[in-house]
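2 protein chains.
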Amino acid sequence: MNIGTYTYEEYVHLVKSFHGSLAPGLLIGGFMVDMAMKNLPEGEFFDAICETPACLPDAVQLLTPCTIGNGWLKVLDFGRFAVALYDKENGQGVRVFLDMKKLKRYSEANNWFLKLKPKNEQDSTLLIGQIKEAGHDLLSLQPVRVDPKSLQREKMGPVAICPACGEGYPARHGERCHSCQGGSPYL
Amino acid sequence: MNIGTYTYEEYVHLVKSFHGSLAPGLLIGGFMVDMAMKNLPEGEFFDAICETPACLPDAVQLLTPCTIGNGWLKVLDFGRFAVALYDKENGQGVRVFLDMKKLKRYSEANNWFLKLKPKNEQDSTLLIGQIKEAGHDLLSLQPVRVDPKSLQREKMGPVAICPACGEGYPARHGERCHSCQGGSPYL
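These protein sequence lines map, in sequence, to chains A and B.
If you're matching positions, the first sequence starts at 0 in numbering that gives the first Met the number 0 and goes up one per residue.
If you're matching positions, the second sequence starts at 0 in numbering that gives the first Met the number 0 and goes up one per residue.
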């Protein structure tokens, strides 16, 4: 059983090194990305959408050329466990989602995702075992057409120097940078 | 010259494999994260802030345990080329930023960041060479105290099944998932 171009063991090793631990979501995520890549329409360049910021973006970053820093991965805050890969020119692509009907057949995975058991009562060996056994069998795939414009990151554009902090920032943000306009997370 | 625990050559190899190309921002970002990590206050666990989504998040993800998927990296849309690492308990940390005064001493890097030259007139060998030569010398460091609560990702919380799409989503989002409430990027 391979995940992307990796063996299962190689993928687990990568996940631990990048994400810190073999979270169940990274394992399901690995199978999701694998399934999406195997069902991509023809075309050379694709972008990715994760419909949750939890776990799934790291599976995409490990298995595809799409990362947060290169802008080819967009993360949406729907809290749905789903990933889409699509051609950035015409928007044609595939979406893979965790299928609630299929999930029911795997008791511990179902308990975990729907939070039917307190975390300290979960059997993590059983959970990981069920996800590994299921592979693509927890997932469903649908063709999608994405509106790429709705997901485009605004370009940096002309750069200005903020008169308050002295740092460079996108001139389109106004007379000061967003941090000096009150957005700063620093006390 | 090392970047994190890597040699310069190892880091360049990693960047090309993960990010797709040796973008100038990934090289400056490598030195930024390196400088921040060498100046961290005592403490075992730290989170990261990137003040721009462009390039910099990938340097953080490659050089620290913080990723988008594990939630330890937050990306802010200030468009400032700056990174902060901070203790997630008490908020104490360091911030490293691209210093406009220091940048002036490196003509091609200055031209690149402030967009003083059309992209097709840039000398990318000179640009990368100047950034490599400069290393930490383009950067300044300041102590910061972060308000960790302001950056906390909302927990998934109880999971509901959306009556429209049939998928799991955070019950706190309302009677339907955010996608079925009109946020969908799919046509």
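Ideal Cβ placement from N, Cα and C applies to all residues, glycine included.
query, result
"Please confirm whether residue 43 of chain A has its beta-carbon closer than 8 Å to some beta-carbon of chain B.", "no"
"Go through its chain and collect everything with a Cβ distance to residue 135 of chain A's Cβ below 6 Å, but skip five positions before and after it.", "30, 34"
"What residues of chain A sit near residue 89 of chain B, judged by a beta carbon separation below 7 Å?", "Those do not exist, as residue 89 of chain B stays about 11 Å from chain A at its closest Cβ, beyond 7 Å."
"Take residue 131 of chain A as the anchor and find which of A:167, A:4, A:13, A:21 has the nearest alpha-carbon.", "A:21"
"Would residue 105 of chain B and residue 133 of chain B be called neighbours here (beta carbons separated by less than 8 Å)?", "yes"
"For residue 40 of chain B, which three-state DSSP category applies?", "coil"
"Report the rounded CA-to-CA distance for residue 145 of chain B versus residue 88 of chain A, giving the unit in angstroms.", "40 Å"
"Which residues of chain B have a Cβ atom closer than 9 Å to the Cβ of residue 160 of chain A, listed in chain order?", "99, 113"
"Put residue 167 of chain A into one of helix, strand or coil per three-state DSSP.", "strand"
"Would residue 160 of chain B be called buried (16 or more neighbouring beta carbons within 10 Å of its own) or exposed?", "exposed"
"Considering residue 203 of chain B, what are the terminal residues of the beta strand (DSSP E) in which it resides?", "Outside the displayed span of chain B (0 to 186) sits residue 203 of chain B, for which this structure offers no information."
"Any Cβ of chain A within less than 8 Å of the Cβ of residue 106 of chain B?", "no"
"Grab the span of the alpha helix (DSSP H) containing residue 160 of chain A for me, first residue to last.", "Segment 158-160 is the beta strand (DSSP E) holding residue 160 of chain A; no alpha helix (DSSP H) there."
"In the DSSP assignment, find the unbroken beta strand (DSSP E) run with residue 48 of chain B in it and report its ends.", "45-49"
"Return the chain-ordered list of same chain residues with a C-beta closer than 8 Å to the C-beta of residue 115 of chain B, the five sequence neighbours on each side being excluded.", "109"
"Measure the Cβ-Cβ separation of residue 162 of chain A and residue 175 of chain A and say whether it is below 8 Å.", "yes"
"Ordered along the chain, which non-local residues of its own chain (more than five positions away) have a Cβ less than 8 Å from that of residue 7 of chain A?", "0, 1, 131"
"Residue 184 of chain B: which of A:169, A:12, A:73 sits nearest, CA to CA?", "A:73"
"Does the CB of residue 48 of chain B have a neighbour CB from chain A at under 8 Å?", "yes"
"Could you run through the stretch 155-184 of chain A and flag, in chain order, every residue whose CB is less than 7 Å away from some CB of chain B?", "155, 157, 158, 160, 165, 166, 167, 168, 169, 172, 176, 177, 178, 182, 184"
"When you compare only the Cα positions, how much space is there between residue 76 of chain A and residue 5 of chain A?", "29 Å"
"Chain B partners of residue 18 of chain A, CB-CB under 8 Å?", "66, 68, 69"
"Within the continuous alpha helix (DSSP H) that includes residue 61 of chain A, where are the two ends?", "55-62"
"What did DSSP end up calling residue 185 of chain B once you bin it into helix, strand or coil?", "strand"
"Can you look up residue 6 of chain A in the DSSP assignment and give me helix, strand or coil?", "strand"
"Taking Cβ-Cβ distances shorter than 7 Å, what residues in chain B pair up with residue 123 of chain A?", "None at all; the shortest Cβ gap to chain B is about 17 Å."
"In the DSSP assignment, find the beta strand (DSSP E) that holds residue 92 of chain A and state where it starts and stops.", "91-97"
"Which of the residues in the stretch 130-158 of chain A, read from start to end, lie with their CB under 8 Å from any CB of chain B?", "143, 144, 145, 146, 149, 150, 152, 155, 157, 158"
"Excluding the 5 residues preceding and the 5 following residue 50 of chain A in the sequence, name in chain order all residues of the same chain whose CB lies nearer than 6 Å to its CB.", "75, 77, 79, 81"
"Considering only their Cβ atoms, is the gap separating residue 57 of chain B from residue 66 of chain A smaller than 8 Å?", "yes"
"Three-state secondary structure (DSSP) at residue 151 of chain B?", "coil"
"With burial defined as no fewer than 16 other Cβ atoms inside 10 Å of the residue's Cβ, what is the status of residue 12 of chain A: buried or exposed?", "exposed"
"Could you work out which residue in B:137, B:91, B:141 is closest to residue 40 of chain B when comparing CA atoms only?", "B:91"
"Between which two residues does the alpha helix (DSSP H) containing residue 126 of chain B stretch?", "123-133"
"Out of B:23, B:26, B:37, point me to the one whose CA is closest to residue 142 of chain B's CA.", "B:37"
"Quick one: is residue 55 of chain B near chain A, going by C-beta distance under 8 Å?", "yes"
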